[in-house]
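Every position in the sequence shown, counted from 1, becomes a number in this note's numbering once 120 is added.
Beta carbons are placed, not taken as given, at the ideal position from N, Cα and C, and that holds for glycine.
Have a look at the structure below, then the notes.
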Amino acid sequence: MIWMTILGILVFAVGLLVSIAWHELGHLSTAKLFGIRVPQYMVGFGPTIWSRNKGETEYGLKAIPLGGYIRMIGMFPPGEDGRVEARSTSPWRSMIEDARSAAYEELQPGDEKRLFYTRKPWKRVIVMFAGPFMNLILAFVLLLGVFMVVGVTQQTTTVDSVQPCVIQLSEKRTDCRKSDPVAPAKAAGLESGDKIVAFDGKPVADWPTLSERIRESRGAVTVTVERDGQQKVLNATLIENTVSKRDENGNPVPGTQKAGYLGFTAQQIDEPLAFGQSIDRMGIMMEDGVQALVAMPSKIPDLWDAAFNGAERKADSPVGIVGAARISGEIFGLELPVENTLGMAVFLIAGFNLSLFLFNMLPLLPLDGGHIAGALWESLRRKLARLFKRPDPGPFDVAKLMPLAYVVAGVFVCFTLLVLVADVVNPVRIS
Numbered sequence: 121m122i123w124m125t126i127l128g129i130l131v132f133a134v135g136l137l138v139s140i141a142w143h144e145l146g147h148l149s150t151a152k153l154f155g156i157r158v159p160q161y162m163v164g165f166g167p168t169i170w171s172r173n174k175g176e177t178e179y180g181l182k183a184i185p186l187g188g189y190i191r192m193i194g195m196f197p198p199g200e201d202g203r204v205e206a207r208s209t210s211p212w213r214s215m216i217e218d219a220r221s222a223a224y225e226e227l228q229p230g231d232e233k234r235l236f237y238t239r240k241p242w243k244r245v246i247v248m249f250a251g252p253f254m255n256l257i258l259a260f261v262l263l264l265g266v267f268m269v270v271g272v273t274q275q276t277t278t279v280d281s282v283q284p285c286v287i288q289l290s291e292k293r294t295d296c297r298k299s300d301p302v303a304p305a306k307a308a309g310l311e312s313g314d315k316i317v318a319f320d321g322k323p324v325a326d327w328p329t330l331s332e333r334i335r336e337s338r339g340a341v342t343v344t345v346e347r348d349g350q351q352k353v354l355n356a357t358l359i360e361n362t363v364s365k366r367d368e369n370g371n372p373v374p375g376t377q378k379a380g381y382l383g384f385t386a387q388q389i390d391e392p393l394a395f396g397q398s399i400d401r402m403g404i405m406m407e408d409g410v411q412a413l414v415a416m417p418s419k420i421p422d423l424w425d426a427a428f429n430g431a432e433r434k435a436d437s438p439v440g441i442v443g444a445a446r447i448s449g450e451i452f453g454l455e456l457p458v459e460n461t462l463g464m465a466v467f468l469i470a471g472f473n474l475s476l477f478l479f480n481m482l483p484l485l486p487l488d489g490g491h492i493a494g495a496l497w498e499s500l501r502r503k504l505a506r507l508f509k510r511p512d513p514g515p516f517d518v519a520k521l522m523p524l525a526y527v528v529a530g531v532f533v534c535f536t537l538l539v540l541v542a543d544v545v546n547p548v549r550i551s
C-alpha cells in the first residue's frame, strides 16, 4: 500500500514537471519564432541541478519544481531618459529600475533588434499567451483521453443497496437504532439488483431523471422495477428528509436541502463519452474553474480555520501542489482496476493544467495575463493616437507596474503558504 502511495506521488510529480516544461516551451518557441533572444529556459526555481547550452539558450532543471521560466532580452523598454539603469533612493522606483536592468543584464552586440518590447503588441500577446495555451491544449488532450477511453463514473437506475432505516444526514453514524423508522425503499420491498424503469407511472431512462423525481415527490408513489426478467410494481411512501444539495448537472455541492427520500444507493458504471459529450463536459469544467477562481478569496477564512483552528476541511477547499500530490497518492492506494487508477491520476493532472491556464490568464503582473494586458493597452493607445492624429505614445512601460506586481506576488505567496499548511495538517481526502 505504501509503495503504491509513493508511486502515485511520483506520477503526479512527473506530470507536474512535464506541465511546467510544456508551458515554458510555448513561451520559448514563439519567442524564437519572432526573433527574440532567449538566454535561459528553466524548469523549477533555486539552485541549478542540471543544465546544457544549445545554441544561444541554456536549458536546465532547478532544485525546486514549483514553477519555471524563460528569460527574454528586453522585457521592458528603457526609462524616459533612454537609459537602461538609473539608480534612485526611492524603494518603489528602485523596484522599477531593478526590473528594467534585469531585462538587459545579458544584452549583447546585435541584440538591439531582438528585444521583447520592440516586437509589435500582437506578437507579444502571442508569446505570453502561448504558455497558458499549452496548458489548455494538454488539459484538452488528457481529458479527451479520459472521457472517451476510460469514461466517467455514472450512476444508473439499477439498485446497488437498500438502506434499512432513515438516518439524518447530520448524524455521524451508519448503524440503525430501534427508534429509526424503516426506509421507504425497504418497506416497499425494493431489492439489490432491481432496475427501476418507471417512477410513479412515468418511464425513467437515466439516474438524473430518477433522482430529480424522487427529490420532488412526497407521500405514496409507485416504483416499477425489472427483476428476474419481469416487471413488478412496488408501492412506496416517500418521506421528506435532509439530503445533500446537487447542482443543475446532478453533482453534489456543499450544503443540504429538504427533499423526497426513498432510501437506496444506485449502481455505478464507467461509461465512455462520445466526442461531443466530452466537449460539453470540458465546458462545464471550464465554467466551474472560472467560478472557483472568482470565489478563491472567499475561501480564505475556511482555509485559515482548517489550518489553525482544527475546523473541518471543506470538500471544495482550494488544494495546492502538496495536497494534489497527496490525493494522487491516495488514488494509487485505492483497490481499483488499473484503468480507473490511471484515469483518475490523468484527470488530476489535466485539472492542474486547466487551473494553470485560468490562473495565468488573470490580468495581473507578474502573471502572463498581466503582460498580455500591457501589450493590449499599448496597442489601444497607439491606435487612439493615430485616430486623433496625436504623437505616437511609444511602448507602454510595464516596468512601472512592478511595485504592484510585488504586492500581487506577495499576496499569492501568502495564499500558497496558507494552502500548504492546510494541505499538511488538515488535507482534503478522497473517498
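Contact under 8 Å by Cβ, residue i with residue j
i, j, result
"V539", "L485", "no"
"R157", "I193", "yes"
"L462", "A444", "no"
"A379", "N361", "yes"
"V163", "E178", "no"
"T150", "V247", "yes"
"V343", "F319", "yes"
"S437", "D425", "no"
"F165", "L186", "yes"
"P304", "T357", "yes"
"F516", "G494", "yes"
"R549", "E450", "yes"
"L310", "V282", "yes"
"N255", "S139", "yes"
"G128", "S448", "yes"
"T168", "G155", "no"
Where the beta strand (DSSP E) containing residue i begins and where it ends
i, result
"Y161", "Q160 to K174"
"R244", "It is not in any beta strand (DSSP E) - R244 instead sits in the alpha helix (DSSP H) that spans P241 to G265."
"F196", "Run containing F196: none; DSSP gives neither H nor E here."
"L186", "T177 to R191"
"E311", "Looking at the DSSP string, E311 is not in any beta strand (DSSP E), and its letter there is neither H nor E."
"Q283", "First-last for Q283: undefined, no H or E at that position."
Enclosing alpha helix (DSSP H) for residue i [first to last residue]
i, result
"V317", "Run containing V317: none in the alpha helix (DSSP H); it sits in the beta strand (DSSP E), K315 to F319."
"S139", "I122 to L153"
"A307", "P304 to A308"
Cross-strand partners of residue i (DSSP beta bridge)
i, result
"Y237", "The partner list for Y237 (beta bridge, DSSP) is empty, contrary to what the question assumes."
"K322", "F319"
"E378", "The displayed chain sequence assigns Lys, not Glu, to residue 378. Answer is T362, bridged to K378."
"F384", "V282"
"V269", "Paired residues: none, contrary to the question."
"E391", "V272"
Distance cut-off 7 Å: residue i Cβ against heavy atoms of the ligand FMN
i, result
"R502", "With respect to the ligand FMN, the structure shown offers nothing to examine, as it has no ligands at all."
Q: Output the residue ranges of the alpha helix (DSSP H) runs that lie fully inside the region 406 to 488 and measure 4 residues or longer, sorted by chain position.
A: If we require 4 residues or more, the alpha helix (DSSP H) runs fully inside the region 406 to 488 come out as 420 to 428, 441 to 453 and 458 to 480.
Q.
Could you check whether the region 229 to 245 touches the region 485 to 503, counting it as contact only if at least three pairs of C-beta atoms, one from each stretch, sit closer than 8 Å?
A. Cβ pair count under 8 Å is three or more, so yes.
Q | Contained alpha helix (DSSP H) runs [length at least 4] in the region 481 to 535, N- to C-terminal order | A | List check, alpha helix (DSSP H) in window: 488 to 507.
Q: Run through the region 324 to 367 for me and flag every whole alpha helix (DSSP H) of 4 or more residues, listed as ranges in chain order.
A: For the region 324 to 367, the full-length alpha helix (DSSP H) segments reaching 4 residues or more read 327 to 336 along the chain.
Q | Cβ pair count under 8 Å reaching 3, the region 501 to 517 against the region 402 to 414 | A | No, they do not touch.
Q.
If contact is defined by three or more beta carbon pairs under 8 Å, each pair taking one atom from either stretch, is the region 268 to 279 in contact with the region 480 to 495?
A. No, because fewer than three Cβ pairs between the region 480 to 495 and the region 268 to 279 fall closer than 8 Å, the two stretches do not touch.
Q) Below 8 Å, can you find three or more Cβ-Cβ pairs linking the region 257 to 265 to the region 395 to 405? A) A contact is defined here as three or more CB-CB pairs under 8 Å, and the region 257 to 265 meets this definition with respect to the region 395 to 405.
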